[in-house]
Amino acid sequence: AQSVSQHNHHVILSEAASLELGCNYSYGGTVNLFWYVQYPGQHLQLLLKYFSGDPLVKGIKGFEAEFIKSKFSFNLRKPSVQWSDTAEYFCAVNWGGATNKLIFGTGTLLAVQP
Amino acid sequence: EAGVTQFPSHSVIEKGQTVTLRCDPISGHDNLYWYRRVMGKEIKFLLHFVKESKQDESGMPNNRFLAERTGGTYSTLKVQPAELEDSGVYFCASSYRGGGSYGYTFGSGTRLTVV
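Chains V and E, in that order, are what the protein sequence lines are.
Under this note's numbering, the first residue of the first sequence carries the number 1, and numbering increases by one thereafter.
Under this note's numbering, the first residue of the second sequence carries the number 115, and numbering increases by one thereafter.
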């Protein structure tokens, strides 16, 4: 079955620390990959997406993600986090097909301490 | 452009009552999706509309849930009768054509609490 795994459920970092959040999906084929963020009290916002081309994708607010097809992974990174990055982060995968539905990971709560 | 609008933002109802959630997608987005997040779990797909037609309703939990999209514009999701396990945040998303290649825009969600 199609599934998405996020390995870190809670992450606590100090400001200026580097961030890497893991995301793996269950099997290959053509995939579209997404990272969404939900800041406290706000709606889900798209951080970045991968459809094709360069596997290193740059998103908003200094975030980037690397698609490694052989590892079925799409890890999110940021070299230096800020207090304002405190939020919940979701990895999501679309395997195409008629429905185009997204399969989400369980989410990672990131708390950045000033 | 206006985003995806959902209302109410919060709803508290008693077990056995009926609740109707509404989603207004971005104008011109034929694809509309409903998702749900039960506390502590992942966001799960419920169903997908293309215009007024249900493309995929494989994620609907049971027949107490009824989704409609008359006229292919806004959509409603009715829960009747509500049970305690229906509590959670219900998200709506819309996309232009197939969201897999164009991306999805999410609404703020409706937090449903069944007591």
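Quick reminder that beta carbons are idealized off the backbone N, C-alpha and C, glycines included.
All values derive from a computational prediction rather than experimental measurement.
Please state whether the Cβ-Cβ distance between residue i and residue j is less than 8 angstroms.
i: residue 185/E; j: residue 144/E; result: no
i: residue 155/E; j: residue 108/V; result: no
i: residue 178/E; j: residue 203/E; result: no
i: residue 123/E; j: residue 222/E; result: yes
i: residue 76/V; j: residue 35/V; result: yes
i: residue 160/E; j: residue 149/E; result: yes
i: residue 63/V; j: residue 50/V; result: no
i: residue 216/E; j: residue 209/E; result: yes
i: residue 25/V; j: residue 93/V; result: yes
i: residue 201/E; j: residue 163/E; result: no
i: residue 157/E; j: residue 72/V; result: no
i: residue 194/E; j: residue 132/E; result: yes
Helix, strand or coil for residue i, going by three-state DSSP, please let me know.
i: residue 216/E; result: helix
i: residue 49/V; result: strand
i: residue 123/E; result: coil
i: residue 83/V; result: helix
i: residue 61/V; result: helix
i: residue 70/V; result: helix
i: residue 118/E; result: coil
i: residue 166/E; result: coil
i: residue 88/V; result: strand
i: residue 158/E; result: strand
i: residue 135/E; result: strand
i: residue 106/V; result: coil
i: residue 100/V; result: coil
i: residue 9/V; result: coil
i: residue 209/E; result: strand
i: residue 2/V; result: coil
i: residue 251/E; result: Residue numbering for chain E in the displayed model covers 115 to 229; residue 251/E lies beyond these limits and cannot be assessed.
i: residue 152/E; result: coil
i: residue 93/V; result: strand
i: residue 229/E; result: coil
Of the residues the options, which one's Cα is nearest the Cα of residue i?
i: residue 141/E; options: 133/E, 229/E, 219/E and 223/E; result: 219/E
i: residue 57/V; options: 70/V, 74/V and 39/V; result: 74/V
i: residue 89/V; options: 27/V, 7/V, 37/V and 33/V; result: 37/V
i: residue 197/E; options: 162/E, 130/E and 137/E; result: 130/E
i: residue 229/E; options: 120/E, 128/E and 116/E; result: 128/E
i: residue 2/V; options: 29/V, 110/V, 112/V and 52/V; result: 29/V
i: residue 70/V; options: 7/V, 42/V, 55/V and 112/V; result: 55/V
i: residue 6/V; options: 100/V, 112/V and 91/V; result: 91/V
i: residue 182/E; options: 118/E, 227/E and 147/E; result: 147/E
i: residue 165/E; options: 116/E, 138/E and 193/E; result: 138/E
i: residue 112/V; options: 17/V, 8/V and 41/V; result: 17/V
i: residue 39/V; options: 86/V, 61/V, 8/V and 53/V; result: 86/V
Roughly how far, in whole angstroms, is the beta-carbon of residue i from the beta-carbon of residue j, given that I think they are within contact range, below 8 angstroms?
i: residue 15/V; j: residue 83/V; result: 6 angstroms
i: residue 4/V; j: residue 23/V; result: 7 angstroms
i: residue 44/V; j: residue 59/V; result: With 8 angstroms as the limit, residue 44/V and residue 59/V do not qualify as a contact, their Cβ atoms being about 14 angstroms apart.
i: residue 13/V; j: residue 19/V; result: 6 angstroms
For a test of your reading of the model: does the CB of residue i fall under 7 angstroms from any non-hydrogen atom of the ligand ATP? Yes or no.
i: residue 117/E; result: You won't find the ligand ATP in this model; it holds no ligand whatsoever.
### Task
Taking only runs that begin and end inside the stretch 170-207 of chain E, name each unbroken beta strand (DSSP E) of 3 or more residues, in chain order.
179-182 and 189-193
### Task
Let me know the alpha helix (DSSP H) ranges lying completely inside the stretch 14-43 of chain V, each 4 residues or longer, listed in chain order.
For the stretch 14-43 of chain V, not one full-length alpha helix (DSSP H) segment reaches 4 residues or more.
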